[in-house]
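Numbering (the numbering used here), first residue to last: 112 to 401.
Following: one structure in structure tokens, then a few remarks.
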Amino acid sequence: MSAILDIQDLHTHFFTKTGVVKAVNGVNLTLEEGKVTGLVGESGCGKSVTALSILRLVPYPGRVVQGQVRYRGQDLLTMKEEELRKIREELPLTVLVHTGLVDRELALALKTAAIDGAMIDIIGADETIRGVYHLQATVAEYEESLASLTQAGVPTMPHIVLGLDHGRLVGEEVALDMAARYPISALVVVVLTPLAGTPMDGVAPPGEREIGGFLEKARALLPRTPLVLGCARPAGARKAALDRWAIRAGVNGIAYPAEGTVRYARRMGLEPHFYETCCALVPREAVVSS
Numbered sequence: 112m113s114a115i116l117d118i119q120d121l122h123t124h125f126f127t128k129t130g131v132v133k134a135v136n137g138v139n140l141t142l143e144e145g146k147v148t149g150l151v152g153e154s155g156c157g158k159s160v161t162a163l164s165i166l167r168l169v170p171y172p173g174r175v176v177q178g179q180v181r182y183r184g185q186d187l188l189t190m191k192e193e194e195l196r197k198i199r200e201e202l203p204l205t206v207l208v209h210t211g212l213v214d215r216e217l218a219l220a221l222k223t224a225a226i227d228g229a230m231i232d233i234i235g236a237d238e239t240i241r242g243v244y245h246l247q248a249t250v251a252e253y254e255e256s257l258a259s260l261t262q263a264g265v266p267t268m269p270h271i272v273l274g275l276d277h278g279r280l281v282g283e284e285v286a287l288d289m290a291a292r293y294p295i296s297a298l299v300v301v302v303l304t305p306l307a308g309t310p311m312d313g314v315a316p317p318g319e320r321e322i323g324g325f326l327e328k329a330r331a332l333l334p335r336t337p338l339v340l341g342c343a344r345p346a347g348a349r350k351a352a353l354d355r356w357a358i359r360a361g362v363n364g365i366a367y368p369a370e371g372t373v374r375y376a377r378r379m380g381l382e383p384h385f386y387e388t389c390c391a392l393v394p395r396e397a398v399v400s401s
């Protein structure tokens with residue numbers, strides 16, 4: 112099959128006040144027509160920036176400094192804006208950016224770039240920010256980021272990680288209160304899932320009762336906001352039990368439901384619908400019918 116999209120030696124840098132951040136550094140990628148290609152990597156590795164680079168939507172202070180992006184043989188990086196706009200409409204791409212801290216300038220740039228949504232982890236304890244994320248930042252700065260994104264009109268889907276601080280619930284309710292103060296597009300709740308070989312190897316995540324209680328509080332506090340149980344959560348029997356609790360709490364969506372979850376939902380009088388999309392993009396009908 113012929114290549115519909117061919118990316119060669121793509122470099123995208125952000126020229127910040129503290130130095131140059133090489134967000135994309137030499138990406139080569141070919142997408143063949145009729146096939147699906149997944150771009151996988153850890154948070155912050157450059158997946159979103161690669162997608163933004165392809166469509167020339169990299170927000171200030173970033174820019175593509177090297178490389179070629181050929182769509183059906185045409186280099187998108189040298190194409191006139193009106194020609195590129197037509198191609199953007201042709202490509203069925205949804206662009207979501209999982210941000211870090213965001214100031215007003217960057218939020219406005221993301222709005223100008225017309226991204227489909229910004230996902231941001233909201234942390235409600237300074238000790239967790241320093242001890243787990245290893246950032247010299249504060250809870251106030253996370254709230255400022257949330258304020259900047261929503262005030263700029265960027266669809267914003269905050270994530271709250273339950274048990275982020277070594278399995279303990281430390282500040283999650285503060286984060287929930289913070290999210291409830293802004294016109295967010297959805298709230299995604301995920302659960303710490305310790306990985307082997309990491310500093311949290313062997314750490315026990317919060318129990319189903321704690322998680323279920325949090326979901327109930329989130330539903331009560333945000334009755335009209337899409338509430339989603341995200342893909343990151345413990346597997347096995349715990350996952351199935353948590354999914355059932357989430358249904359009882361009134362969530363609008365569950366990413367990758369466990370075996371038996373759909374049957375349970377139907378027994379509860381619900382009619383599940385299935386969507387091939389990021390869990391942060393809750394279809395409107397899923398909210399209306401809940």
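Positions of the beta carbon are idealized from the N, C-alpha and C atoms, including for glycine.
In this text the structure is predicted, and so the values were computed from the model without any measurement.
Euclidean distance between Cα positions of residue i and residue j
i    : j    : result
M268 : P394 : 13 angstroms
G380 : G361 : 12 angstroms
R355 : D120 : 47 angstroms
G323 : G308 : 28 angstroms
A218 : Y253 : 13 angstroms
P305 : G228 : 27 angstroms
R183 : E193 : 17 angstroms
R174 : Q185 : 19 angstroms
F385 : V373 : 10 angstroms
I240 : V138 : 31 angstroms
V213 : M230 : 11 angstroms
S113 : E143 : 6 angstroms
R292 : R215 : 18 angstroms
V243 : L280 : 13 angstroms
Q60  : Q177 : Residue 60 lies beyond the range of the chain shown here (112 to 401); nothing can be said about it.
A329 : G278 : 19 angstroms
R167 : Q179 : 12 angstroms
G207 : A290 : The residue you asked about is not Gly; residue 207 is Leu in the sequence shown. Roughly 19 angstroms separates the two Cα atoms.
H245 : V339 : 27 angstroms
T129 : G155 : 18 angstroms
Contacting residues, own chain, Cβ-Cβ under 6 angstroms from residue i (five flanking each side not counted)
i    : result
T249 : D237
L163 : V169
G89  : Shown here, the chain extends from 112 to 401; a query on residue 89 therefore has no answer.
Y171 : A220
V131 : H124
L116 : L142, Y182
S401 : Note on S401: pLDDT 45, under 50, position unreliable in the model; the coordinate value appears next. Excluding residues within five positions, the ones whose Cβ falls inside 6 angstroms are N363.
Own chain partners of residue i with C-beta closer than 7 angstroms, once the 5 adjacent residues on each side are dropped
i    : result
A286 : I233, I234, G235, I271
G371 : A351
E283 : G235, I271, L273, F325
A376 : I358, P383
A258 : Y293
Buried or exposed (CB count within 10 angstroms, at least 16 for buried), residue i
i    : result
N363 : buried
G145 : exposed
D276 : buried
A346 : exposed
A402 : This structure cannot settle anything about residue 402, because the visible part of the chain is limited to 112 through 401.
F325 : buried
E201 : exposed
R335 : exposed
A315 : exposed
R344 : buried
T261 : buried
T148 : exposed
E319 : buried
A331 : exposed
L353 : buried
L150 : exposed
Paired residues, beta bridge with residue i - DSSP
i    : result
I118 : L140, V180
R279 : D276
M268 : M230
Beta-carbon contacts of residue i that lie in its chain and below 8 angstroms, excluding the five residues immediately before and after
i    : result
C342 : V301, A366, Y367, C390
A134 : T123, H124, F125, G157, V160, G173
P337 : S296, A297, L298, N363, G364, V393, A397, V398
V265 : A218, L221, K222, I226, G228, A229
G152 : K158
D312 : P305, L306
Residue-level contact to chain C via CB, residue i, 8 angstroms cutoff
i    : result
H277 : Among the chains of the structure shown, chain C does not appear; only one protein chain is present.
Any non-hydrogen atom of the ligand FAD within 7 angstroms of residue i CB
i    : result
L217 : The ligand FAD is not part of this structure, which contains no ligands at all.
Check: Which parts of the stretch 181-243 are runs of the alpha helix (DSSP H), unbroken and 4 residues or longer, counting only runs that do not cross its ends?
Finding: 192-201, 215-223, 237-242
Next item on the list: Give, in chain order, every unbroken run of the alpha helix (DSSP H) that is at least 4 residues long and sits entirely within the stretch 352-393.
Entry: 372-378
Margin query: My parser needs the beta strand (DSSP E) runs of 3 or more residues fully inside the stretch 121-180; what are they?
Written below: 130-143
Next item on the list: List in chain order: all unbroken alpha helix (DSSP H) runs of 4+ residues lying wholly within the stretch 297-354.
Entry: 319-332
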